[in-house]
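Shown next, in structure tokens, is the structure this report addresses.
Now the structure itself:
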């Protein structure tokens, strides 16, 4: 059984890994969500971070432990798990294409985060609110339609129901999570942009309806979106 | 022969791919650096970008074409090329570890870029200079020592001359490029931070002395750092 180590109070980048595991019905040890007296909590995460725990450590969570393999970086963890969980095709070109798409999703996640922390991750939102309002405007007006348009066009060209064509793969789960997060953080801007990308919306709905995922999303294992995570709902950033 | 397609006037993210090819002595078609009348220039890049060219396209360059395989996203392109060029070990755990490290380098590249464009990539530096000065301060004082410290510790724990141990792999080339870029952009801050990370400095020097790379770095194929790239030298951001 693999172990996932991620901040226990947010979805964050760990959620992109959790979705693979949940969709496949895999058992996994969500270490930091155990009670503190059973080795969970923030201390479990810090123990694997740079400079604080036994090596090989990563700069930041999510961390995956699978026997002797310890890995960090969300797209690398997904690329490692996907063949084991059956959520990527066997051939190398498709695997690389899946990695490319997950990296593109990760880039958009970063940009969505930076709308509320444009100056520094070390400062509170309230201390960079004026800059965040400017950053969010450019994100809403320029980046959001451009990014979603890329995925719309990718789906159109793939010629099937999924990003890689006829079969689902892990970037489909990633795009679902991106849409869900954008709808939470910037509901007005997200709906406006998604109005122009019906294939992206249909993919989101198709993924959300997968039985194992639907059960997960309705469970207490799915941490609600909140204002400590990547996708934060600050109404002043939604135009 | 593979084709690399990247903006012809900057090192940018394409340089991380070029270093793999150059170090291995591979022949490659650096498409956009051909004269425009021979299919080069910006038009060559735009032809592969989202919405503008034939699929499967990527959101942004670098793009790699290898026969039927078309790929985007720098870390994915490196992960694809590395086994073919002999710059990553054969076993899967080492390949995933290399990908993790390259992704961590890519994250630091993003942060270095965002110091001069904290609010929006769509606006000029001059229009976000006050915010950039604030962002650069936090980058210099907090992020730079933390990131370089991570690589120092990784080298220490690897127990050899390279990030994966005794054998060089492509993240070593990436870390070389990161150090070179930081020294160009923020010479004072970089020297101060690198003073605490002697293993990172030694790795940079070891990579720079590799014969094929030394020849490349001295050639006209190496585009000089400049203020259109990721690493820009704006003295006001260097403290």
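Protein chains in written order, with the numbering used here: chain B, 1 to 239; chain S, 1001 to 1239. We put the CB at the ideal spot given by N, CA and C, even for glycine. Since the model is a prediction, treat every value here as computed from it, not as a measurement.
Would you kindly report the start and end of the unbroken beta strand (DSSP E) that includes residue 1043/S?
Careful: residue 1043/S lies outside any beta strand (DSSP E), inside the alpha helix (DSSP H) at 1042 to 1046.
ask   = Is the stretch 1028 to 1041 of chain S touching the stretch 1100 to 1111 of chain S in the sense that three or more CB pairs, one from each, lie closer than 8 angstroms?
value = no
_Against chain S, which members of the stretch 172 to 190 of chain B pass a CB distance test of less than 7 angstroms?_
none
To be precise: take each residue of the stretch 42 to 75 of chain B, compare its Cβ to all Cβ atoms of chain S, and keep it if any distance is under 8 angstroms. Which residues remain? 50, 51, 55, 56, 57, 58, 59, 68, 69, 71, 72, 73, 75
Check whether the Cβ atoms of residue 1143/S and residue 1074/S sit closer than 8 angstroms, and answer yes or no. Contact flag unset, no.
Cα separation between residue 228/B and residue 1068/S? 43 angstroms
Apply the 10 Å Cβ neighbour rule to residue 1090/S and answer buried if 16 or more other Cβ atoms are within range, or exposed otherwise. exposed
* Asked: Going by the CB atoms, is the gap between residue 1048/S and residue 1005/S shorter than 8 angstroms?
  -> yes
Report task. Helix, strand or coil for residue 159/B, going by three-state DSSP, please let me know. Result -> Three-state DSSP puts residue 159/B in coil, outside helix and strand.
| said: 8 angstroms is my cut-off, CB to CB: does residue 1142/S come that close to chain B? | reply: yes
**Request:** Give a yes or no on whether the C-beta atoms belonging to residue 87/B and residue 158/B are separated by under 8 angstroms.
**Result:** no
request  = Evaluate residue 1106/S with the Cβ neighbour count: other Cβ atoms within 10 Å of its Cβ, from every protein chain shown; 16 or more gives buried, anything less gives exposed.
outcome  = buried
Is it true that the CB of residue 231/B sits closer than 8 angstroms to the CB of residue 207/B? no
- Within the stretch 1127 to 1154 of chain S, note down every full alpha helix (DSSP H) run reaching 4 residues or more, in order along the chain. 1129 to 1138
Since residue 1049/S sits in a beta bridge, which residues does DSSP pair it with? Within the DSSP secondary-structure output, residue 1049/S pairs in a beta bridge with 1058/S.
(request) Could you pull the start and end residues of the beta strand (DSSP E) that residue 1065/S belongs to? (result) Element bounds for residue 1065/S: 1063 to 1066.
Next item on the list: Please go through the same chain and pick out, in chain order, the residues whose beta-carbon is closer than 6 angstroms to the beta-carbon of residue 1058/S, but skip the five residues on each side of it.
Entry: 1072
Item to complete: Could you pull the start and end residues of the beta strand (DSSP E) that residue 5/B belongs to?
Response: 2 to 5
_chain B within 8 angstroms of residue 1080/S, Cβ atoms only_ = yes
Output needed for residue 1007/S: all residues of its chain with C-beta closer than 8 angstroms, excluding positions within five of it in sequence on either side, in chain order. 1014, 1032, 1042, 1045, 1061
Fill in: Ranges of the beta strand (DSSP E) found wholly within the stretch 1067 to 1102 of chain S, counting only runs of at least 3
With a minimum length of 3 residues, the continuous beta strand (DSSP E) runs that stay inside the stretch 1067 to 1102 of chain S are 1069 to 1072.
| So is residue 22/B buried or exposed if we call it buried at 16+ other beta carbons inside 10 Å? | Answer is buried; the Cβ neighbour count reaches 16.
**Prompt:** Between residue 64/B and residue 77/B, which are expected to be in contact by the criterion C-beta below 8 angstroms, what is the C-beta distance as a whole number of angstroms?
**Reply:** 5 angstroms
For a contact meaning CB atoms closer than 7 angstroms, what does residue 103/B contact in chain S?
1073, 1075, 1076
Checklist entry - By a C-beta neighbour count over all protein chains shown, 10 Å radius and 16 as the cutoff for buried, is residue 1083/S buried or exposed? => result exposed
| task | Taking residue 15/B as the query, report the chain S residues whose CB atoms sit under 8 angstroms from its CB, ordered along the chain. | result | The premise fails here: residue 15/B is roughly 17 angstroms from chain S at the closest Cβ pair, so nothing lies under 8 angstroms.
Let me know if residue 1096/S comes out buried or exposed under the rule of 16 or more other beta-carbons within 10 Å of its beta-carbon.
buried
* Could you confirm whether any beta carbon from chain B is found closer than 8 angstroms to the beta carbon of residue 1125/S? => no
Collapsed DSSP secondary structure at residue 238/B in the structure displayed = coil
Check: Alpha carbon to alpha carbon, what distance is there between residue 191/B and residue 211/B?
Finding: 25 angstroms
Legend entry - CB contact below 8 angstroms: residue 1200/S versus chain C: Checking the listed chains, one finds no chain C in this structure; the protein chains it contains are B and S.
### Task
Let me know the secondary structure DSSP gives residue 1110/S once reduced to three states.
helix
| said: I'd like the list of long-range same chain contacts for residue 1017/S, defined as Cβ closer than 8 angstroms, with 5 residues on each side in sequence excluded. | reply: 1004, 1006, 1062, 1064, 1074, 1077, 1078, 1081
Should residue 193/B and residue 163/B be called a contact, given that it needs their Cβ atoms to be closer than 8 angstroms?
no
Indicate whether at least one CB of chain S lies closer than 8 angstroms to the CB of residue 134/B. yes
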